[in-house]
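Notes to accompany the following structure.
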C-alpha cells in the first residue's frame, strides 16, 4: 500500500464516496486540507460563517441525497456550525463536519481552550478525534454513521499536525453500530388486526420514506387499501400529486379539509412521519399505526402502535386487505377540491396575492424546474398549491430550520443542475436574515429566480408595537430596499405590483440564465385570507 498523508486520504475517501463540493469557513489551519481537496477535484465554496457552511452542506443531502461536508478551523466561530448540525439532525441530513485545530503540543493557544467534543457530541451523532493512525478506520465509520438511517451529522476533530502525516493501518473495516430489529411479531400482528377491521384508512407519508427509498411500498399499500394519501411538506413528491388517491399536504396552508378527512378515517397509517415536519401539533383523533426507521417513538406523533425497522420490510409484513373499503378515491378528490376552495376561493382579484404569484409561476415554469421555499407562510402556501409528480422538485426544510434554509436549498440545487434553473419563493424575512446568500448566487454563476413576497416585515414590527399600545418612541424600521440589495450584489431586479406586471416579468426572469430578484409588492390586507 502506498502511503499518503491524512489530508489526501480524507480527500480521496470523500471523492470515492461521491462528494464533489465542500463548504469551508476561511481559516489558516484548514489550508492543507483545502489543498488536498483541490488536488482531488473537490470544489471549495468559501462561506462567511460556519452556520451558512453547515446549512449548505445539509442541503446537499436534501437536493440529491449526497453527504455534505463542511470544514472549519477551531477559532471562536467554530461553534457557529452547531445550529446547522442541529438542523441536519432534526431533518435527517447526512453531514460530515471537519474542524482542524492547532497542533496538540504544549504551545499555548487561545483556540485550544474550546472543548469541541462536548460542544459537537450534543448536536450530532458523534464527535471523534481523527489521527493519521486511525483515519483509515474512522473515515468509513463516520460515513456509515452519517448515512445510517435516520441520517444525521458526524463531527471529526483533527490536529493540524496530523494532516501531513502518512496514514497507517487497514482501511474500511469499521462499521456503524447496527440497530437491533427486536421481536416485533406481536406488534405486527396487532397492526394487521387493526388494518383488517378498518374500512376508512388514510395513509400519511413523511420524509423518512424518501430517505429510505420506500415510496413505492407506501403507494402500493395505499392502493391495496384504496386509502387516501396525504404527505407532509418535506415528503412532497413521494407520491405523484396527480394520483387519484392523493388528498393533500398535512401542514400546508389551508389543510382544514384534510384534517376533517383524517378525523373521519377509522385508522391512520403513518409511513416515516416526523413531527419536526409538522407546522402545528398533531390534531387528528383517529387511531394511528406508525412505521419508522428511527428506532424510537416520536412524542409529537402519538401512535397506538409503533413498528420500527426498515420501511420496505415493514410494509411487506402488514395486512394487505382490510375487511371493507369505502370510496378512497372519492374522499381524496373531495378533500383536494375543498383545499383548493379554501386557498383560492376568497382571494380579492383586484390585488396581487401570493396565491396568484404561485399559480402563474406554476403555469410558466417547466415542470422539471425545482422550487425551493422557506418554511414560512409563502412556502407553506406553495406546499399546497405546487403540484409535483416526483421527489426533488419541491425543496423545503422543516419549521425548525434556520432562516434562509430555503436559500441554501436553492443554491445547492442550482449547483447540482446548472443548466436547469431553480426557483425560490419566500417572504422578505429570509433575505433580511441571510442577504449574504446573494453573493454565492452571483459568484457561483447560478441560474436562480428569487420571488420575494414583500410583506414589509420591518414595518410590521412597528405596527405590532403600535397595536400593543406602545408609543413609537426611538423606533425606526426602514423597509428593506431590495433594489439596492440586488445592485450591491450585481443581480437583476424587477419590482412587480400587478398581475399584468407579473405575467410580463416572469417569462424574462425564467429565461435570463442568471440570478434575478422579483420583488412582489401586494396589498397585505388581501393576503392570507385562507379558511
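In full-length UniProt numbering, the protein residues as written are 1 to 531. Just so it is clear, CB atoms sit at the ideal spot from N, CA and C, and this is done for glycine as well.
Within the DSSP secondary-structure output, residue 481 pairs in no beta bridge. Looking at the DSSP output, residue 154 shares a beta bridge with 96.
The shortest C-alpha to C-alpha distance from residue 517 to any of 501, 138, 508, 450 is the one to 450. A Cβ-Cβ contact shorter than 7 Å links residue 95 with residue 68. If you compare the alpha carbons of 153, 448, 337, 89 with that of residue 419, the shortest gap goes to 448. The DSSP assignment places no complete run of the beta strand (DSSP E) inside the stretch 374-422 (cut-off: 3 residues). DSSP places residue 47 in no beta strand (DSSP E); its state is neither H nor E. Exclusion of the five residues before and after residue 381 leaves 253, 354 as the residues of its chain whose Cβ lies within less than 6 Å of its Cβ. Of the candidates 359, 4, 321, 406, 321 places its Cα closest to the Cα of residue 196. If you draw a straight line from the Cα of residue 245 to the Cα of residue 265, it comes to about 14 Å.
Residue 204: member of the beta strand (DSSP E) spanning 201-205, first to last residue.
In this structure the stretch 258-276 lies against the stretch 200-211, because at least three pairs of beta carbons, one per stretch, are closer than 8 Å.
Excluding the 5 residues flanking it on each side, residue 393 has same chain C-beta neighbours closer than 6 Å at 237, 370, in chain order. Residue 356 sits buried, since 16 or more C-beta atoms from the chains shown fall within 10 Å of its C-beta. In the DSSP assignment, residue 278 falls outside any alpha helix (DSSP H), carrying neither H nor E. Here the C-alpha atom of residue 287 lies approximately 49 Å from the C-alpha atom of residue 46.
Annotation note: the stretch 427-458 contains the following uninterrupted alpha helix (DSSP H) runs of length 4 or greater, listed N- to C-terminal: 428-433, 437-443. In the structure shown, residue 470 adopts coil according to DSSP, grouped into three states. Nearest Cα to residue 32 within the set 7, 21, 98, 326: 7. Between residue 441 and residue 515, the CB-CB gap stays under 7 Å.
Residue 233 and residue 383 have their alpha carbons spaced roughly 6 Å apart. According to DSSP, residue pairing for residue 267 in a beta bridge involves 201. Bounds of the alpha helix (DSSP H) holding residue 91 are 81-91. In this structure, DSSP gives residue 290 an extended state, which the three-state scheme calls strand. Closest in C-alpha terms to residue 52, from the list 85, 35, 38, 36, comes 85. In the three-state scheme derived from DSSP, where H, G and I count as helix and E and B as strand, residue 226 is classed as coil. For residue 80 against residue 49, the beta-carbon gap comes to about 5 Å, under 8 Å, which counts as contact. Non-local C-beta neighbours of residue 507 in its own chain, meaning closer than 8 Å and more than five positions away in sequence, comprise 364, ordered along the chain. Of the candidates 282, 315, 310, the residue whose Cα lies closest to the Cα of residue 303 is 282. Judged by DSSP in its simplified three-state form, residue 9 adopts helix. Per the coordinates, the alpha-carbon of residue 200 lies some 37 Å from the alpha-carbon of residue 409. Pairing residue 522 with residue 504, the inter-Cα distance amounts to about 16 Å. Between residue 240 and residue 328 the beta-carbon gap is near 16 Å, outside 8 Å, which marks them as no contact. Note on geometry: alpha-carbon atoms of residue 338 and residue 257 lie some 6 Å from one another. Of all alpha-carbon atoms in 415, 496, 141, the one lying nearest the alpha-carbon of residue 43 is that of 415.
The Cβ atoms of residue 37 and residue 167 do not sit closer than 7 Å to each other.
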